[in-house]
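The block underneath contains the structure these notes are about, expressed in structure tokens.
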DNA sequence: CGCTAGCCAGTTGTTGAACGACCTGGCAAC
DNA sequence: GTTGCCAGGTCGTTCAACAACTGGCTAGCG
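Chains as they are written, first to last, in this note's numbering: chain S, -14 to 216; chain F, -14 to 216.
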């Protein structure tokens, strides 16, 4: 099932020390957390990977204490799993987790669509659509995934609630975990490029009914697709 | 406006070292966080109070590193404010923060009422009503506040979503901050004891329309009351 | 042969001290 | 009155060390 600990450490040495070089001397707990977040999003850290404090801290070029602070942050976000006296490992999402994330997404996104719309957020919705199209044209499916993430983030931002934005950020971070586990990002994002575009148009036109139906259909399909990959 | 730093430290010495004695030797970052959470909820730590790492760690009887881990957790929860190179202080909620908390509460609680109901959560709704009445009968208004908090926590739990529960926990923690700033908890919780009871009845009877209207009225009034205390 | 108890290596949790970086307030010079 | 500088205090990070805990291995027992 999972590789032996030693193998984990060996396999990690590469991406981690590469990220460590990017951190360039001065540590910074938040920057360490950011680096780990990116590694998870890029799929360099597969769910289930254990991250021994000693090996990880030296690879990243920061002190163990600083790394621990970063671990706490990421554990709070749900990206890492922290077991007492057993260390941290990259979280593995269960099917129930995926379902819960989508349940919450529905609540947040529908609420954002129903309420008054923040114009600035509407602009970012449009921008995300364009970025997604550009990334797709360049064959950058990882970029498409990022644009899709920003798209739905912007949809929630329509509500103008910093706290809802923060929750959505967490949900999307967990989803990146699920996508990383599922492998190739293309089938999970390409089909929805034009759906996003139409959804943006409906939002701009103020046609909330159409927007809602389109969003519901998207969420249902995406969830089913992800759940299938987790079975 | 705020007292001079030295005064803060002196005033803190009491509650903090008392809490430190309760921590009893073995530190534990999570337990430290829990202790600080309680101090904030009890109003022992007024919003705006600064918490110097050195003085606080010695008062609590834990190392500075351990305290810093606890600080990170609480800052994430919004209870403490962390400014770079300026240390942490107990967060002060602005009127906009209070409004945002209630905006999010509406989203979560209405969503929980509308969806399918988890029977176990319904039971906890009932329990919270009883606990609130018992606390009121005993004149324990702080206890009433806690019961009210558990009541609305249970309402959200109807949705059966761990992530929504977690978000609600954060919102309620922030609200405790606002209540602590407002002073006497009685006028903020007593009027709603019977409202909660009726809301519970409506939920049990499956009368979602009535439950929704009652909840909306409650949230509007409570928010206005809290905003008035913050002006 | 199977099983339990206990030991052992490895890892985490916590501590304490140390040093550089940074903010703040006050003083002096212009 | 403003600007610039300086010193005191606090934070951010690192390092080394030890206690506490975990999981697996071994030896002894039935």
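Think of the CB as a built atom: it goes at the ideal place given N, C-alpha and C, for glycine as much as any other residue.
Distance from residue 144 of chain F to residue 100 of chain F at the Cβ level is roughly 5 angstroms; contact confirmed, criterion being Cβ atoms closer than 8 angstroms.
Three or more beta-carbon pairs drawn from the segment 48 to 59 of chain S and the segment 55 to 67 of chain F are found closer than 8 angstroms, and the two stretches are therefore classed as touching.
The Cβ-Cβ distance between residue 130 of chain F and residue 170 of chain F falls below 7 angstroms.
At a cut-off of 7 angstroms between beta-carbon atoms, residue 54 of chain F makes contact with chain S. Close CB contacts of residue 38 of chain F within its chain, under the 7 angstroms cut and outside five residues either way in sequence, are with 49, 52, 53, 72 (chain order). Residue 181 of chain F is outside the set of residues whose beta carbon lies under 7 angstroms from a beta carbon in chain S.
Residue environment: residue 85 of chain F is assigned as buried (16 or more neighbouring CB atoms within 10 Å of its CB, all protein chains considered).
Burial is judged here by how many other beta carbons sit within 10 angstroms of a residue's own beta carbon; residue 70 of chain S has fewer than 16 and is exposed. Annotation for residue 65 of chain S: the continuous beta strand (DSSP E) segment containing it runs 65 to 68. Close CB contacts of residue 96 of chain F within its chain, under the 8 angstroms cut and outside five residues either way in sequence, are with 144, 149 (chain order).
The Cβ atoms of residue 66 of chain F and residue 79 of chain F do not sit closer than 7 angstroms to each other. Judged by DSSP secondary structure, residue 92 of chain S falls within the alpha helix (DSSP H) whose first and last residues are 80 to 99. Two segments are said to touch when three or more pairs of C-beta atoms, one from each, lie closer than 8 angstroms; by this definition the segment 148 to 163 of chain F does not touch the segment 109 to 124 of chain F. Between residue 117 of chain S and residue 178 of chain S, the beta carbon gap of about 5 angstroms places them in contact (Cβ cut-off 8 angstroms). Note that the C-beta distance between residue 26 of chain S and residue 183 of chain S is not below 7 angstroms. Along the segment 21 to 53 of chain F, the positions whose C-beta sits under 9 angstroms from a C-beta of chain S are 50, 53, read in chain order. Closer than 9 angstroms at the C-beta level to chain S, one finds these residues of the segment 87 to 120 of chain F: 88, 89, 91, 92, 93, 95, 96, 97, 100. For residue 141 of chain S, DSSP assigns no beta-bridge partner whatsoever. For residue 74 of chain F, the enclosing beta strand (DSSP E) stretches over residues 72 to 75. A Cβ of chain F is located within less than 7 angstroms of the beta carbon of residue 85 of chain S. Around the beta carbon of residue 205 of chain F, fewer than 16 other beta carbons sit within 10 angstroms, so the residue counts as exposed. The contact set of residue 153 of chain S on chain F, defined by CB atoms closer than 9 angstroms, is empty, because the minimum CB distance reaches about 10 angstroms. For residue 146 of chain S, at least one C-beta of chain F is nearer than 7 angstroms to its own C-beta. Here residue 30 of chain S carries a coil assignment [DSSP, helix/strand/coil]. Residue 71 of chain F is outside the set of residues whose beta carbon lies under 7 angstroms from a beta carbon in chain S.
Taking 7 angstroms as the cut-off, the beta carbon of residue 165 of chain S is found no closer than this to the beta carbon of residue 211 of chain S.
Chain F places a beta carbon closer than 7 angstroms to that of residue 61 of chain S, counting this residue as a contact.
For residue 123 of chain F, no alpha helix (DSSP H) encloses it, and the DSSP letter there is neither H nor E.
Between residue 215 of chain F and residue 83 of chain F, the gap from beta carbon to beta carbon is short of 7 angstroms. Contact annotation for residue 58 of chain F against chain S: 57, 61 [CB-CB distance below 8 angstroms, chain order]. Bounds of the alpha helix (DSSP H) holding residue 172 of chain F are 171 to 174.
Residue range 178 to 190 is occupied by the alpha helix (DSSP H) that includes residue 187 of chain F.
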